[in-house]
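For reference, the structure is listed below as structure tokens.
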Amino acid sequence: MNIIVNNQLMSVPDGCSVQALCEIMNLKNSDGAAFAVGMEVLEKQDYESRLLKEGDKVTIIRATCGG
Numbered sequence: 058m059n060i061i062v063n064n065q066l067m068s069v070p071d072g073c074s075v076q077a078l079c080e081i082m083n084l085k086n087s088d089g090a091a092f093a094v095g096m097e098v099l100e101k102q103d104y105e106s107r108l109l110k111e112g113d114k115v116t117i118i119r120a121t122c123g124g
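Plus 57 on top of the position in the sequence shown (first one is 1) and you've got this note's numbering.
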């Protein structure tokens with residue numbers, strides 16, 4: 058199925074969770090990252106249970122050091 062991740066089209070398996078998306082994108086340590094599906098910011102505890110569906114728009118924001 059196709060989803061949009063940070064404005065880029067991406068193909069993921071059907072039934073893909075946000076946690077599985079992290080693994081697909083090699084974000085195994087998602088500390089310092091925030092995920093939103095549509096306009097809903099997800100809690101880290103919900104990554105495994107939140108299943109993506111065709112056309113979902115996922116935004117990933119990563120914290121960076123600096124000033």
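Note that the Cβ used here is the ideal one computed from N, Cα and C, for glycine as well. Only a predicted model underlies this, so the values are computations on that prediction, with no experimental measurement involved.
Query: Nearest-angstrom Cα separation, counted from Ile81 out to Asp113; Result: 16 Å
Query: Own chain, CB closer than 8 Å to Val115, minus 5 neighbours either side, in chain order; Result: Ile60, Ile61, Val62, Asn63, Val75, Leu78, Phe92, Ala93, Val94, Leu109
Query: Inter-residue spacing [alpha-carbon to alpha-carbon] between Glu73 and Glu97; Result: First, the residue type needs correcting, since residue 73 is Cys and not Glu in the sequence shown. Distance between the alpha carbons of Cys73 and Glu97 is about 17 Å.
Query: Reduced DSSP secondary structure (H/G/I, E/B, other) of Lys101; Result: helix
Query: Residue range of the alpha helix (DSSP H) that includes Leu84; Result: Careful: Leu84 lies outside any alpha helix (DSSP H) and carries neither H nor E.
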